[in-house]
Amino acid sequence: MSKLLAMILAGGAGTRLEPLTRERAKPAVPFGGRYRIIDFVLSNFANSGVYRMKVLTQYKSDSLNNHLSRAWRMTAFLGHYVEAVPAQMRTGLDWYKGSADAIYQNLNIITDEEPDHIFVFGADHVYRMDVRKMLDFHIERKAACTVAAIPVPIEQGREFGIIDVGPDGRMLQFLEKPKDPPPMPGNPKMCLASMGNYLFSTDTLVKEVVRDAADEKSAHDFGKSIISELYKHEPVYVYDFAQNTLSGQEDKERGYWRDVGNIDVYYQSNMDLVEVDPIFNLYNDRWPIHTQPNNYPPAKFVFADADNKRVGKATDSLVAEGCIISGGSVHRSVLSPKVRVNSYSEVEDSILFENVTIGRRCRIKRAIIDKNVEIPPGMTIGYDAAEDKRRFHVTSGGVVVIPKGMKVT
Ligand code: ADQ
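UniProt numbering numbers the first residue of the sequence shown as 1 and each following residue consecutively.
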């Protein structure tokens, strides 16, 4: 059996998720009421039977480290681990100059572990994937590197690495974030995007990051500097993510992959979960998404006045443990643990992080309220764009974001 190692790139600054990343790394941003974004990629590895994971952290890594140590403690005697690797300046005085440099600066891990194959995956995507299928594909084709790919609408193509592939699956071209993305053959509306998930044979990865480190002009980035050159002289193959389902996965979920790179996509991906019949189904226990256990009591719903003016209820929503919906109503929303919604308030189409309190008679719509925020009684958010912009961050898609711990008056 091949010896495998997963190296998860979790060091990016995540500036497009501001203000949610003001105090935490992007992979540590809460998602779906119960989870952190990084839980999806780690669950994919654990569910695929790959139990050795190194998470390369850098920016604002404290919350990510905490989450990993609390949620992802593995069984040491079986040799299983998920370990955070902070930037340590092992090769000089620089932080990671880019994702390729993050691997270069940690080559000692590869020397120590001696894996045959190394998965280098991003940390900020929401999806289910059996990485063993990608490994089988890689081994069958004797690839030096395999890149996971998915079709995306052509207007989004400039945000991704765009691939052209031959009939045998071999990469023919790779353009990192091209201004004018080339369409897929026979489908002018779509282009084939790299998911930023790579599988390397160990020798290739080591050779490439060492070469890249010596190149002073390089951006030291996997997309820009490694993949866009490697396919020209080594067998690089393209793994079609959407063509491969996993056991227990519903057909409609096939190909579901979201790069939650900006707040509007982040917001919409959360809203996908509250659909009555969601495409991405958290309740599929054949491919569970693992996260931190906690000791909070169950969610509680109280008050139902006879005249129905005050009813504690939530519909089409995800409500985590420790929440109390006390005489307020919640609709199409995602609530993290320990949220309070008080009497006569209405919360709609919103995402409330841990420990948010909504006072009485508030009206909240299309908002993301970060941790430890108290909304005073009577406040309206999401109904008056000009007023919201004056007080809060509002995305181009019109979602109001209230940062962590903000004193709202
Ligand atoms: P981007 O997502 O723009 O494109 P990048 O910002 O490098 O690429 O992020 C990739 C991963 O690396 C993220 O998980 C990030 O946290 C991490 N990362 C970024 N800089 C890092 C650093 N200095 N140290 C450690 N980790 C770092 C990439 C590819 C595209 C592809 C998209 C898919 O370059 O080709 O289409 O991912 O989302």
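Just so it is clear, CB atoms sit at the ideal spot from N, CA and C, and this is done for glycine as well.
Could you tell me which residues DSSP puts in a beta bridge with residue i?
i	result
D240	A149
R52	Y81
H220	In the DSSP output, where bridge partners are listed per residue, H220 has none listed.
Q173	D164
M184	N187
Measuring straight from C-alpha to C-alpha, what distance separates residue i and residue j?
i	j	result
H80	A6	12 angstroms
residue 410	K252	Shown here, the chain extends from 1 to 409; a query on residue 410 therefore has no answer.
V330	S269	19 angstroms
N65	A84	6 angstroms
E23	K142	43 angstroms
E159	P178	8 angstroms
V265	R258	8 angstroms
P183	F280	26 angstroms
E354	E234	48 angstroms
Q58	S317	34 angstroms
Is residue i near ligand 1, going by C-beta to nearest heavy atom under 7 angstroms?
i	result
M195	yes
F119	no
Q88	no
D212	no
Q292	no
F222	yes
F160	yes
A102	yes
Y96	yes
E176	yes
A320	no
S99	yes
L20	no
A148	no
Report the residue from the options whose alpha carbon sits nearest the alpha carbon of residue i.
i	options	result
A320	P298, T21, G49	P298
I8	F303, K26, T15	K26
I103	D124, E176, M129, I226	I226
K54	P235, A87, L318, R211	A87
V29	A46, V347, H67, S43	H67
residue 410	A367, T380, G405	Because residue 410 is not part of the residues shown, which for the chain are 1 to 409, the question remains open.
E155	M190, D370, M129, I381	M190
V131	F241, E374, R36, S61	F241
With residue i and residue j assumed to form a contact (beta carbons below 8 angstroms), what rounded beta-carbon distance in angstroms separates them?
i	j	result
L56	N108	Their Cβ separation, rounded to whole angstroms, is 13 angstroms, which puts L56 and N108 out of contact at 8 angstroms.
S194	V260	With 8 angstroms as the limit, S194 and V260 do not qualify as a contact, their Cβ atoms being about 16 angstroms apart.
M171	V238	5 angstroms
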